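*Asks:* Input: one structure, supplied below.
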Amino acid sequence: MPDGSTPNNNSWNRERVDLVKRTICPRGISEDEFLLFMEQCTRSGLDPLLKEAFCVARRQNIGNRERPNWVTKYEFQPSEAGMLARAERFPDFKGIQASAVFAEDEIVVDQGKGEVVHRFNPAKRKGALVGAWSRVVRDGKLPVVMWLDFAGYVQQTPLWAKIPTTMIEKCARVAALRKAYPEAFGGLYVREELPAEEYAEEPVVAVTVETTARTVAAAPSVGTPALPEKTATREAAEVAAVGMNLDRQEEPVAAELRAEHEPVAGQHAAPALTAVVAFGPHKGKTATVLSDDELSETIDLAHEKLLEQPRARWAKAMRENLTALEAEAEVRCRQAPREPGAES
283 MPDGSTPNNN
293 SWNRERVDLV
303 KRTICPRGIS
313 EDEFLLFMEQ
323 CTRSGLDPLL
333 KEAFCVARRQ
343 NIGNRERPNW
353 VTKYEFQPSE
363 AGMLARAERF
373 PDFKGIQASA
383 VFAEDEIVVD
393 QGKGEVVHRF
403 NPAKRKGALV
413 GAWSRVVRDG
423 KLPVVMWLDF
433 AGYVQQTPLW
443 AKIPTTMIEK
453 CARVAALRKA
463 YPEAFGGLYV
473 REELPAEEYA
483 EEPVVAVTVE
493 TTARTVAAAP
503 SVGTPALPEK
513 TATREAAEVA
523 AVGMNLDRQE
533 EPVAAELRAE
543 HEPVAGQHAA
553 PALTAVVAFG
563 PHKGKTATVL
573 SDDELSETID
583 LAHEKLLEQP
593 RARWAKAMRE
603 NLTALEAEAE
613 VRCRQAPREP
623 GAES
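Put into structure tokens, the structure is as follows:
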């Protein structure tokens, strides 16, 4: 990409293409899916070897509710950081601005002129989070301004619950880049924009949990703490408590993680929602001692690592640990309900 304006097909020689297929794309990807992935890399100018884009597996139901037929499809997914890096390589790119907007802010958006006037006092109460704006400036062109309503993007996930400002700003930046450079980014969406079910690795996990939970409950040597009626929190807790006993022939790393969570016969089991962080800067700490920010950062780190290396030998263990951490985050949200973006 000598001038940064268009992708350079010559940069994808056979050696680099083979390297992407061996190290970036998950096992099981079809030849057509891989060719489509590389075509998206070429069109967008995003380099998966620099972690600007990922090849992700998504479970999709091509049947119906009565007769579900879940299949795995492998798709191109950009990262926000990758799109920002790519934008910097365009010769006419002059910068991008973005900010979340709260109810007490003063803001005027003039899309006709490509201008935004946003005033607020950081020392005053902000009120509820209502949205975010982003502005992309290109040389010789009218600036592109995007406005996103928070209500239209917020999702029922731990990250959106804990860091809504960061999430809506990410979505605003990506939307503005997509509008400013449609030839490169048209039709591309980052993980933060997609509904949770669109990138959930295993949507049918509830059936597996229900079956396995009955098996574990029948075993007298393992104590299982009583949980309330079926709720999203309960199901997440069951995944955390049961999922680590599904496969006794795991890799050593997975076995080590499982040992940290399995209750010992004859002893009282730890609460189902208690998890020990098994990776990152907070490794070895229980989830309950982490602050909200630390818990959110740990969850975000796990998602990034799993996107980067979905078939690593430690991936299964990290997913199990991630499930338990997300269950802890959901419990905190339920215990301290508040309006998104409102000050505590």
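The numbering used here puts the first residue of the sequence shown at 283, with every later residue one more than the last. Think of the CB as a built atom: it goes at the ideal place given N, C-alpha and C, for glycine as much as any other residue. Keep in mind it's a predicted model, so treat the numbers as computed, not measured.
So what does DSSP say about residue 337, is it helix, strand or coil?
*Replies:* By 1-based counting over the sequence shown, the position of residue 337 is 55. If DSSP states are grouped into helix, strand and coil, residue 337 belongs with the strands.
*Asks:* Per DSSP, which one or two residues make a beta bridge with residue 355?
*Replies:* To locate residue 355, count along the sequence shown from 1; it is residue 73. In the DSSP output, where bridge partners are listed per residue, residue 355 has 340.
*Asks:* Only counting the same chain, and skipping five residues up and downstream in sequence, which positions put a Cβ closer than 7 angstroms to that of residue 375?
*Replies:* The residue you call residue 375 lines up with position 93 of the sequence shown. 369, 420, listed in sequence order.
*Asks:* Mapping DSSP to helix, strand and coil, what is residue 431?
*Replies:* The residue you call residue 431 lines up with position 149 of the sequence shown. Three-state DSSP puts residue 431 in a strand.
*Asks:* Is the beta carbon of residue 644 sitting closer than 9 angstroms to the one on residue 366?
*Replies:* Past the edges of the chain, shown from 283 to 626, lies residue 644, and the structure says nothing about it.
*Asks:* What residue ranges within the stretch 547 to 613 form continuous alpha helix (DSSP H) runs of no fewer than 4 residues, ordered along the chain?
*Replies:* 574 to 590
*Asks:* Nearest-angstrom Cα distance between residue 392 and residue 371?
*Replies:* Looking up residue 392 in the sequence shown gives position 110. Looking up residue 371 in the sequence shown gives position 89. Cα to Cα, residue 392 sits roughly 27 angstroms from residue 371.
*Asks:* Could you compute how far the alpha carbon of residue 288 sits from the alpha carbon of residue 467?
*Replies:* Within the sequence shown, numbered from 1, the residue matching residue 288 stands at position 6. Within the sequence shown, numbered from 1, the residue matching residue 467 stands at position 185. Legend: pLDDT at residue 288 = 45, less than 50; position of this residue unreliable, value from coordinates given subsequently. Going from the Cα of residue 288 to the Cα of residue 467 covers about 12 angstroms.
*Asks:* Can you tell me whether residue 350 is buried or exposed? The criterion is at least 16 other CB atoms within 10 Å of its CB, across all chains shown.
*Replies:* Position 68 of the sequence shown, counted from the first residue, corresponds to residue 350. Classification of residue 350: exposed, given that the 10 Å Cβ count is below 16.
*Asks:* Given a cut-off of 9 angstroms on the beta-carbon distance, is the pair residue 573 and residue 440 in contact?
*Replies:* Here residue 573 refers to the residue found at position 291 of the sequence shown. Here residue 440 refers to the residue found at position 158 of the sequence shown. Not closer than 9 angstroms, so no.
*Asks:* Taking the alpha carbon of residue 321 as the reference point, which residue from 310, 308, 335 has its own alpha carbon closest?
*Replies:* Counted from its first residue, the sequence shown places residue 321 at position 39. Comparing Cα-Cα distances from residue 321 to each of 310, 308, 335, the minimum goes to 335.
*Asks:* Considering only residues of the same chain and omitting the five flanking positions on each side of residue 583, which have a CB-CB separation below 7 angstroms?
*Replies:* Sequence index remark: in the sequence shown, residue 583 carries index 301 (1-based). Closer than 7 angstroms at the Cβ level, and outside the excluded window around residue 583, lie 562.
*Asks:* How far does the alpha helix (DSSP H) with residue 450 in it extend, from its first residue to its last?
*Replies:* Here residue 450 corresponds to residue number 168 of the sequence shown, with the count starting at 1. 446 to 462 is the span of the alpha helix (DSSP H), which, as asked, contains residue 450.
*Asks:* To the nearest angstrom, how far is the alpha carbon of residue 495 from that of residue 605?
*Replies:* Taking the sequence shown and counting its residues from 1, the one referred to as residue 495 is at position 213. Taking the sequence shown and counting its residues from 1, the one referred to as residue 605 is at position 323. Any reading at residue 495 must be qualified, since the residue scores a pLDDT of 41, below 50, and its modelled position is unreliable; the value itself is stated next. C-alpha separation (whole angstroms): 16 angstroms.
*Asks:* Look at the alpha carbon of residue 459 and the alpha carbon of residue 378, and state the distance between them as a whole number of angstroms.
*Replies:* Numbered from its first residue, the sequence shown carries residue 459 at position 177. Numbered from its first residue, the sequence shown carries residue 378 at position 96. Each residue's Cα considered, the two are about 8 angstroms apart.
*Asks:* Using CA atoms only, rank isn't needed, just tell me which of 591, 428, 612, 566 is closest to residue 303.
*Replies:* On the sequence shown, position 21 is the one that residue 303 refers to. Ranking 591, 428, 612, 566 by Cα distance to residue 303 puts 591 first.
*Asks:* Rounded to whole angstroms, what's the CA-CA distance from residue 423 to residue 463? Just pull it up for me.
*Replies:* In the sequence shown, residue 423 corresponds to position 141, counting from 1. In the sequence shown, residue 463 corresponds to position 181, counting from 1. Each residue's Cα considered, the two are about 12 angstroms apart.
*Asks:* Would you tell me roughly how many angstroms separate the C-alpha atoms of residue 400 and residue 387, rounded to the nearest one?
*Replies:* Reading the sequence shown from its first residue, position 118 is the one you call residue 400. Reading the sequence shown from its first residue, position 105 is the one you call residue 387. Approximately 7 angstroms between the Cα atoms of the pair.
*Asks:* Should residue 431 go down as buried or exposed, given a rule of 16 or more other Cβ atoms within 10 Å for buried?
*Replies:* Within the sequence shown, residue 431 is the residue found at index 149, counting from 1. Burial state of residue 431 is exposed, judged by a 10 Å Cβ sphere holding fewer than 16 other Cβ atoms.
*Asks:* Excluding the 5 residues preceding and the 5 following residue 298 in the sequence, name in chain order all residues of the same chain whose CB lies nearer than 8 angstroms to its CB.
*Replies:* Translated into positions along the sequence shown, residue 298 becomes position 16. Within the same chain, residue 298 has close Cβ partners 331.
*Asks:* To the nearest angstrom, how far is it from the Cα of residue 314 to the Cα of residue 593?
*Replies:* Taking the first residue of the sequence shown as 1, we reach residue 314 at position 32. Taking the first residue of the sequence shown as 1, we reach residue 593 at position 311. About 20 angstroms.
*Asks:* Could you name the residues that DSSP lists as bridge partners for residue 360?
*Replies:* As a working note, residue 360 is residue 78 in the sequence shown. DSSP, once it has assigned bridges, lists 335 as partnering residue 360.
*Asks:* Alpha helix (DSSP H) containing residue 297: first to last residue?
*Replies:* The residue you call residue 297 lines up with position 15 of the sequence shown. Note, residue 297: alpha helix (DSSP H), 296 to 305.
*Asks:* Going by the DSSP bridge assignment, what does residue 311 pair with across the sheet?
*Replies:* Along the sequence shown, read from residue 1 onward, the residue named residue 311 stands at position 29. Answer by DSSP bridge pairing: none, since residue 311 is not bridged.
*Asks:* At which residue ranges does the stretch 351 to 424 contain complete alpha helix (DSSP H) runs of 4 or more residues, listed in the order of the chain?
*Replies:* Runs found: 362 to 370.
*Asks:* Considering only their Cβ atoms, is the gap separating residue 425 from residue 418 smaller than 9 angstroms?
*Replies:* Residue numbering aside, residue 418 sits at position 136 when the sequence shown is read from its first letter. Residue numbering aside, residue 425 sits at position 143 when the sequence shown is read from its first letter. Yes. Within cutoff.
*Asks:* Straight-line CA distance for residue 381 to residue 453?
*Replies:* Sequence index remark: in the sequence shown, residue 381 carries index 99 (1-based). Sequence index remark: in the sequence shown, residue 453 carries index 171 (1-based). Taking the CA atoms as reference points, residue 381 sits about 11 angstroms from residue 453.
*Asks:* In the DSSP output, which residue or residues are listed as bridge partners for residue 426?
*Replies:* Residue 426 sits at position 144 when you count from the first residue of the sequence shown. DSSP lists 418 as the beta-bridge partner residues of residue 426.
*Asks:* According to DSSP, is residue 439 part of a helix, a strand, or is it coil?
*Replies:* Sequence index remark: in the sequence shown, residue 439 carries index 157 (1-based). In this structure, residue 439 counts as coil in the three-state DSSP scheme.
*Asks:* Do residue 341 and residue 324 count as a contact pair if the criterion is CB distance below 9 angstroms?
*Replies:* Here residue 324 refers to the residue found at position 42 when the sequence shown is read from its first residue. Here residue 341 refers to the residue found at position 59 when the sequence shown is read from its first residue. In this structure, residue 341 does not lie closer than 9 angstroms to residue 324 by Cβ.
*Asks:* Can you give the Cα-Cα distance for residue 565 and residue 558, rounded to whole angstroms?
*Replies:* Here residue 565 refers to the residue found at position 283 of the sequence shown. Here residue 558 refers to the residue found at position 276 of the sequence shown. Residue 565 and residue 558: Cα-Cα distance of roughly 8 angstroms.
*Asks:* From the DSSP output, in three-state form, read off residue 330 for me.
*Replies:* By 1-based counting over the sequence shown, the position of residue 330 is 48. Correct three-state label for residue 330: helix.
*Asks:* Pull up the distance between the alpha-carbon of residue 539 and that of residue 385, whole angstroms please.
*Replies:* Position 257 of the sequence shown, counted from the first residue, corresponds to residue 539. Position 103 of the sequence shown, counted from the first residue, corresponds to residue 385. Residue confidence for residue 539 is low, a pLDDT of 44 falling below 50, so the modelled location carries little weight; the figure read from the coordinates is stated next. C-alpha separation (whole angstroms): 44 angstroms.
*Asks:* Taking only three categories from DSSP, how would you classify residue 347?
*Replies:* Looking up residue 347 in the sequence shown gives position 65. Three-state DSSP puts residue 347 in coil, outside helix and strand.
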